[in-house]
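Numbering (full-length UniProt numbering), first residue to last: 1 to 86.
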């Protein structure tokens, strides 16, 4: 998209631009076309790294970790009965 927009701008501009400026612009267009695949690959690598980082930060939820079970179950004990003051 970036290269396409630059080429359209170059076509509109080339009708009135000086020759020296046209040559400089053409050189820059060639540089842009050669750098574009590297930029796209770099963007894809950043997206992939961000996705893998997000995936590692999330803990997987399983049936066992969803509801913790107490290892020791305390037994209920009766409190002492008071019959008044002694």
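The beta carbon of each residue, even a glycine, is placed where N, CA and C say it ideally should be.
For my contact list, residue 29 and residue 10 are in at a C-beta cut-off of 8 Å; report their separation, rounded to the angstrom. 6 Å
Whole-angstrom Cβ separation of residue 2 and residue 36, contact assumed at under 8 Å? 7 Å
From the DSSP output, in three-state form, read off residue 82 for me. coil
How big is the Cα-Cα spacing for residue 16 and residue 52? Inter-residue distance for residue 16 and residue 52 is about 50 Å (C-alpha atoms, whole angstroms).
Where the alpha helix (DSSP H) containing residue 9 begins and where it ends: 2-13
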